[in-house]
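Let me begin by presenting the structure, written as structure tokens, before commenting on it.
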Amino acid sequence: MTVPSRLLQQCFQEALSGAPEMLARCADSAIASLQAAEKASKEVAQRDRLALAWWGMLQNKIQWGQTFSQHLRDALMAAPEANSSRPALLSESSLLSLVEDDAVNESLESARLVHGLMPVLEQQLAVLDALMSSVIGLQTVQAERNPLRPSVFVRALRELMSSAESEPEVRALWLRHMDKALGRELQKLYERVALILQRANVQEAGYRVRLVDDAGASTRSGGLSTRSGGLGLSSRAAGLGVSPNSQWQDMGYVPSGQDTPSWASADHLPPMQSLGRMQPGVDHQVFHEFLNQGGKHFDRHLTPDYYEQVSEELAAIEAFAAIPVLDESMILEQQTQYRDLPVVDRPAREIGISSQLSQKAWGTYAAAHERSRVLMHLKQKAQRVSQAVGLDLVRTLVSQVASDPLLLGPVREAVVALEPALLRLAMANPKFFNEDEHPARRLIESVAQRSFKFNDEFADEFDSFFQPVQQAFKDLNAQATNDPKPFADALGALREGWAAQDEKELALQDNSLQSIRYAEERQALADQIAWDLSQRPDVDNAPGVILDFLYGPWSLVIASAKLGDTEGQPDPGGFRKVVSNLLWSVKKEVTLKRPKELFAMVPGMLATLHAGLDMLGKTREETKAFFDALMRLHQPVLGLRRARIRNDASNSDPAPLEISSMSMDLDETLPATPEQRKPRPKAQPWLGKSEIEAAGFEDTLPTDYGDLIETQVQARASEDDSQAAALAEEGELEDITAAAVLVGLREGDWVDLYSRREWLRAQLIWASSKGTLFMFVSRGGRPHSMTKRSCERLIASRLLRPVNAQGVVQKALQAMAVESQQPRRVEPEAA
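If you read the sequence shown in our numbering, its first letter stands for residue 3, the second for the next number, and so on.
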């Protein structure tokens with residue numbers, strides 16, 4: 003059997019590491035669904051079968067958590083070698099044979115489950131199929147070769163259930179009632195795996211365009227079969243000649259915009275049993291309408307069916323409470339298993355509302371059943387639909403934030419641990435999460451945004467930030483109040499501590515910013531001064547070396563003197579006046595006739611030139627070339643003086659002059675070219691040595707592009723020799739891609755920056771007005787400044803990586819809104 007690549011193994015590990023929790027959540031959902039179906043059933047035999055099914059699943063749940071990973075591992079390792087030459091086709095006799103695995107085809111329920119998952123996973127699977135096809139070396143997308151396709155997970159589930167239950171009918175019920183939860187879990191898994199592949203710069207394989215054989219289907223689908231995340235229907239069905247609309251209707255789903263009885267209508271309420279469940283039992287469309295439209299139907303009173311379901315859920319919680327929890331050492335091991343990896347390569351730990359947290363860190367609410375118990379007790383006290391929906395909304399948003407891979411694990415755990423306090427707020431204000439200025443939302447958002455300063459949860463700096471947050475969250479849980487004021491107080495205390503910590507960093511940051519902003523302002527003024535100088539009539543026929551000096555260093559001297567002047571002098575330092583003397587001194591046809599004036603002028607002029615350049619920070623070594631050229635331009639008059647002394651005569655002998663002139667560089671005597679006559683604004687400001695140090699340019703020099711790219715090649719060589727070789731051969735990615743990423747950065751954005759052999763979390767605090775210089779600041783106020791070219795090189799080599807630090811609560815709400823627009827199954831209210 004072919005050994006999977008390291009990148010593929012990383013994807014497998016992502017699936018395997020979260021498999022036990024994924025199965026536990028699916029089992030919980032299936033148990034709740036079976037219990038609801040048992041209650042709704044009117045037939046005694048059917049009720050008995052359903053009761054037997056959910057009881058059996060409850061008994062096997064713990065054992066499954068220990069063995070599912072191995073079943074899934076076996077299925078994943080076999081998946082790449084699955085025979086892909088026999089794709090399943092839809093026929094009139096069987097609409098459900100969409101999967102190719104022989105083991106899955108043996109069970110009608112398994113096939114129905116896979117088929118039901120396809121519309122739910124369409125968007126995520128389209129992206130993953132394209133990426134995975136590329137990883138396994140395919141030029142075009144072959145979805146049936148994706149080792150993480152849904153049928154692989156269903157096969158692992160069948161094998162797991164077969165080992166625990168011999169009755170096919172019971173196994174069929176288990177699978178049937180696990181569909182929704184499995185769909186949600188695979189959605190999240192596929193998004194995480196796709197993110198891993200995208201961060202590894204895997205390019206999506208292309209989709210093969212093919213004609214559909216069925217004429218009717220060609221008319222409906224335009225004759226093309228595609229898979230795109232932007233389409234709301236199954237391309238597999240379209241490509242096989244099945245009407246997308248009929249496919250949705252056959253599966254019990256309704257495309258968005260169709261006229262069907264849905265809960266979005268004001269005349270319909272979600273099933274009361276759904277509202278009474280421990281896990282959110284309502285569709286995201288419910289939350290979307292609740293937050294944005296509302297309606298009188300949300301003010302209706304809850305029915306007895308609701309309270310009966312709540313009582314059953316509480317009884318189940320008590321049963322779960324008797325199940326032994328993970329040992330503290332196992333939790334610590336899970337948290338630290340990726341500690342030795344570079345911070346940018348650590349997979350995000352799986353954290354959710356059903357996760358068990360450290361009891362040492364979070365006390366009573368570390369256990370998932372304790373948090374669920376608070377939820378159900380509050381549901382028991384709820385009186386109106388709005389309160390029940392608000393409680394489910396809190397749990398859903400907590401789950402969304404907890405699954406955000408951009409947040410460090412402890413921060414996501416803290417949000418999960420805070421759920422009881424957030425739930426209590428929803429009883430008094432069910433829509434509080436939709437209020438931007440609500441103290442609870444601002445607290446979560448502020449903690450999340452502050453946490454983006456750190457990229458290593460094991461660093462001492464992060465620990466000093468997180469300990470006060472942890473204590474504040476524990477105190478809020480302990481207060482057991484629905485008053486938002488304690489949240490505002492907690493946020494105020496945290497911000498006060500953060501401000502004290504930031505004071506020193508801000509002082510260093512201001513010093514660095516002042517240096518580079520001053521340099522930019524000085525350069526802008528110098529560019530204007532250079533233009534003004536170019537309009538002077540006496541620059542005509544001036545040597546190019548003189549104009550280069552005037553438009554460059556000397557314009558900076560004049561600008562620096564002007565910016566430093568506090569008295570409003572017209573020419574501080576006399577640096578503008580010396581320009582006239584300098585231009586006159588290099589006009590040989592004039593100075594040869596008036597040598598005494600030149601001799602009297604030169605000492606003072608040279609003193610002023612040196613004083614201005616010294617003020618600018620130019621060293622004598624830097625200016626030596628210009629003064630040597632200036633001396634050679636003055637050589638004819640100096641030679642005239644020496645000739646007069648030698649001959650002791652009133653007129654000079656022309657021979658020495660001619661010899662002296664021949665010793666000069668002829669280019670220095672030539673008038674400036676038209677290009678030299680026109681000063682050009684500098685792309686980036688000039689910086690002196692002290693300014694370079696203050697701005698952090700010196701800090702980036704030891705880790706400039708050449709050094710960094712070599713380090714990256716060595717680091718990646720241990721992961722994938724072929725990738726390292728390709729990187730070394732290609733050098734860098736397309737400049738246009740890196741430039742686009744850089745253009746998208748804004749002041750305040752966070753990045754992960756590789757500097758001096760370590761990954762730092764840094765924030766962009768300044769960009770020049772021309773977009774050619776950038777300053778980032780990392781921990782301790784340490785500045786990192788670099789040019790546009792340096793930034794683009796680092797981005798192209800993945801050594802400067804932007805971090806998407808948008809509002810986490812708003813992102814969770816947006817994700818929920820997007821999901822609410824997806825086709826959904828319509829469930830009639832139980833009688």
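Ideal Cβ positions, reconstructed from N, Cα and C, are used throughout, including at glycine.
**Item:** Straight-line Cα distance separating residue 467 from residue 632
**Value:** If you number the sequence shown from 1, residue 632 lands on position 630. If you number the sequence shown from 1, residue 467 lands on position 465. Approximately 60 Å between the Cα atoms of the pair.
**Request:** Could you tell me whether the Cβ atoms of residue 748 and residue 457 are closer together than 8 Å?
**Result:** As a position in the sequence shown, residue 748 is number 746, starting the count at 1. As a position in the sequence shown, residue 457 is number 455, starting the count at 1. No, the Cβ-Cβ distance between residue 748 and residue 457 is not below 8 Å.
**Asked** Around the C-beta of residue 791, are 16 or more other C-beta atoms found within 10 angstroms, so that it is buried, or is it exposed?
**Response** As a working mapping, residue 791 is identified with position 789 in the sequence shown. Exposed is the call here.
**Asked** Does DSSP put residue 434 in a helix, a strand or coil?
**Response** Walking along the sequence shown from the start, residue 434 turns up at place 432. Three-state result, residue 434: helix.
**Message:** Alpha carbons only, please: which of 43, 740, 472 is nearest the one belonging to residue 493?
**Reply:** Taking the first residue of the sequence shown as position 1, residue 493 is located at position 491. Residue 472 is the option with its Cα nearest to residue 493.
**Message:** Since residue 769 and residue 513 should fall inside the 8 Å C-beta cutoff, what is the C-beta to C-beta distance between them, to a whole number of angstroms?
**Reply:** One-based indexing of the sequence shown puts residue 769 at position 767. One-based indexing of the sequence shown puts residue 513 at position 511. Not a contact, Cβ separation roughly 18 Å.
**Asked** What first and last residue would you give for the alpha helix (DSSP H) that runs through residue 315?
**Response** Taking the first residue of the sequence shown as position 1, residue 315 is located at position 313. First-last of the alpha helix (DSSP H) with residue 315: 306 to 323.
**Item:** With 16 other Cβ atoms within 10 Å as the buried cut-off, status of residue 268
**Value:** Position 266 of the sequence shown, counting from 1, holds the residue named residue 268. Here the model assigns residue 268 a pLDDT of 40, short of 50, so the residue's position is not dependable and the matter cannot be decided.
**Message:** Can you check which of these residues, 151, 529, 13, is closest to residue 555 by C-alpha distance?
**Reply:** Here residue 555 refers to the residue found at position 553 when the sequence shown is read from its first residue. For the residues 151, 529, 13, the minimum Cα distance to residue 555 belongs to 529.
**Message:** If you reduce the DSSP assignment to three classes, tell me which class residue 756 lands in.
**Reply:** Translated into positions along the sequence shown, residue 756 becomes position 754. The answer is strand: DSSP assigns residue 756 an E or B state.
**Asked** Which term fits residue 135, buried or exposed, when burial requires 16 or more other beta carbons within 10 angstroms of its beta carbon?
**Response** Mapped onto the sequence shown, residue 135 falls at position 133. The residue in question, residue 135, is buried, as its Cβ has 16 or more Cβ neighbours within 10 Å.
**Message:** If you follow the beta strand (DSSP E) that residue 786 is in, where does it begin and where does it stop?
**Reply:** Counting from 1 along the sequence shown, the entry for residue 786 is found at position 784. It spans 784 to 789 - the beta strand (DSSP E) in which residue 786 sits, taken as one unbroken run.
**Prompt:** Looking at the unbroken beta strand (DSSP E) that takes in residue 687, where does it start and where does it end?
**Reply:** By one-based count along the sequence shown, residue 687 stands at place 685. Note, residue 687: premise wrong, no beta strand (DSSP E); not H, not E.
**Request:** Mark residue 616 as exposed unless 16 or more other C-beta atoms lie within 10 angstroms of its C-beta, in which case mark it buried.
**Result:** Start at 1 with the first residue of the sequence shown, and residue 616 comes out as number 614. Counting Cβ neighbours within 10 Å, residue 616 comes out exposed, since fewer than 16 surround it.
**Message:** Does residue 588 come out as helix, strand or coil in the three-state DSSP assignment?
**Reply:** Taking the first residue of the sequence shown as 1, we reach residue 588 at position 586. Of the three classes helix, strand and coil, the one that applies to residue 588 here is coil, per DSSP.
**Message:** Here's the rule: buried if 16 or more other CB atoms are within 10 angstroms of the residue's CB, otherwise exposed. What is residue 910?
**Reply:** In the structure as shown, the chain starts at 3 and stops at 833, and residue 910 therefore has no counterpart that could be examined.
**Item:** C-alpha gap between residue 660 and residue 629, whole angstroms
**Value:** Here residue 660 corresponds to residue number 658 of the sequence shown, with the count starting at 1. Here residue 629 corresponds to residue number 627 of the sequence shown, with the count starting at 1. Reliability fails at residue 660, whose pLDDT of 39 lies under 50, so the model's placement of it is uncertain and no value is given.
**Asked** Out of curiosity, what's the CA-to-CA distance linking residue 598 and residue 682?
**Response** Start at 1 with the first residue of the sequence shown, and residue 598 comes out as number 596. Start at 1 with the first residue of the sequence shown, and residue 682 comes out as number 680. Answer to the nearest angstrom: the Cα atoms are 36 Å apart.
**Request:** Below 6 Å CB to CB, which residues in the same chain sit around residue 36 once its five sequence neighbours on both sides are set aside?
**Result:** On the sequence shown, residue 36 is found 34 positions in, with the first residue counted as 1. Here the set comprises 52, 55, 56, 179.
**Asked** In this structure, does DSSP put residue 353 in helix, strand or coil?
**Response** The residue you call residue 353 lines up with position 351 of the sequence shown. Three-state DSSP puts residue 353 in coil, outside helix and strand.
**Message:** Could you compute how far the alpha carbon of residue 87 sits from the alpha carbon of residue 127?
**Reply:** One-based indexing of the sequence shown puts residue 87 at position 85. One-based indexing of the sequence shown puts residue 127 at position 125. Per-residue confidence for residue 87 stands at a pLDDT of 34, beneath the threshold of 50, marking its modelled position as unreliable; no derived number is given.
**Request:** Look at the Cβ atom of residue 415, then the Cβ atom of residue 359, and state whether they are nearer than 8 Å.
**Result:** What you label residue 415 is simply residue 413 of the sequence shown in a count that begins at 1. What you label residue 359 is simply residue 357 of the sequence shown in a count that begins at 1. A contact, by the Cβ cut-off of 8 Å.
**Item:** Classification of residue 20 by the beta-carbon crowding that lies within 10 angstroms, buried from 16 upward
**Value:** Counting from one through the sequence shown, the residue named residue 20 turns up at place 18. Classification of residue 20: buried, given that the 10 Å Cβ count is 16 or more.
**Message:** Tell me which residues share the same chain as residue 652 and place their Cβ nearer than 7 Å to its Cβ, disregarding the 5 neighbours each side in the sequence.
**Reply:** Counting from one through the sequence shown, the residue named residue 652 turns up at place 650. Below a pLDDT of 50, predicted positions are generally treated as unreliable, and residue 652, at 45, falls in that range; the measurement from the model is reported next regardless. Cβ within range, chain order: n/a, list empty.
**Prompt:** Does DSSP put residue 290 in a helix, a strand or coil?
**Reply:** Your numbering for residue 290 matches position 288 in the sequence shown. Helix, per DSSP.
**Message:** Could you compute how far the alpha carbon of residue 419 sits from the alpha carbon of residue 516?
**Reply:** To locate residue 419, count along the sequence shown from 1; it is residue 417. To locate residue 516, count along the sequence shown from 1; it is residue 514. Each residue's Cα considered, the two are about 43 Å apart.
**Asked** Hey, would you say residue 34 sits closer than 8 Å to residue 279, going by beta carbons?
**Response** The sequence position of residue 34 within the sequence shown is 32, counting from 1. The sequence position of residue 279 within the sequence shown is 277, counting from 1. Going by C-beta atoms, residue 34 is nearer than 8 Å to residue 279.
**Request:** Look at the alpha carbon of residue 714 and the alpha carbon of residue 757, and state the distance between them as a whole number of angstroms.
**Result:** Taking the first residue of the sequence shown as position 1, residue 714 is located at position 712. Taking the first residue of the sequence shown as position 1, residue 757 is located at position 755. Confidence in residue 714 is poor, its pLDDT being 39 and thus under 50, which makes the residue's placement unreliable; the coordinate value appears in the next sentence. Their Cα atoms are separated by approximately 12 Å.
**Prompt:** Span of the alpha helix (DSSP H) holding residue 776?
**Reply:** Stepping through the sequence shown from its first residue, residue 776 is reached at position 774. That residue, residue 776, is in no alpha helix (DSSP H); its beta strand (DSSP E) goes 775 to 780.
**Ranges of the alpha helix (DSSP H) found wholly within the region 10 to 51, counting only runs of at least 4** = 21 to 42
**Message:** Please state whether the Cβ-Cβ distance between residue 17 and residue 399 is less than 8 Å.
**Reply:** Residue 17 sits at position 15 when you count from the first residue of the sequence shown. Residue 399 sits at position 397 when you count from the first residue of the sequence shown. The answer is no: Cβ separation not under 8 Å.
**Prompt:** Looking at residue 409 and residue 384, is the spacing between their C-beta atoms short of 8 Å?
**Reply:** Mapped onto the sequence shown, residue 384 falls at position 382. Mapped onto the sequence shown, residue 409 falls at position 407. For residue 384 and residue 409, no; Cβs fall outside 8 Å.
**Asked** Any idea if residue 392 is buried or exposed, counting beta-carbon neighbours within 10 angstroms, 16 or more meaning buried?
**Response** By 1-based counting over the sequence shown, the position of residue 392 is 390. When all chains shown are included, residue 392 counts as buried.
**Request:** Quick one: grab the DSSP three-state call for residue 621.
**Result:** Taking the sequence shown and counting its residues from 1, the one referred to as residue 621 is at position 619. The answer is coil: DSSP assigns residue 621 none of H, G, I, E or B.
**Item:** Burial state of residue 723 (16 or more Cβ within 10 Å)
**Value:** By 1-based counting over the sequence shown, the position of residue 723 is 721. In this prediction, residue 723 scores a pLDDT of 48, lower than 50, which makes its location untrustworthy; the coordinate-derived value is nonetheless stated afterwards. With fewer than 16 Cβ atoms within 10 Å of its Cβ, residue 723 is classed as exposed.
**Message:** Taking the alpha-carbon of residue 607 as reference, which of 578, 402, 590 has the nearest alpha-carbon?
**Reply:** Within the sequence shown, numbered from 1, the residue matching residue 607 stands at position 605. Answer by Cα proximity: 578.
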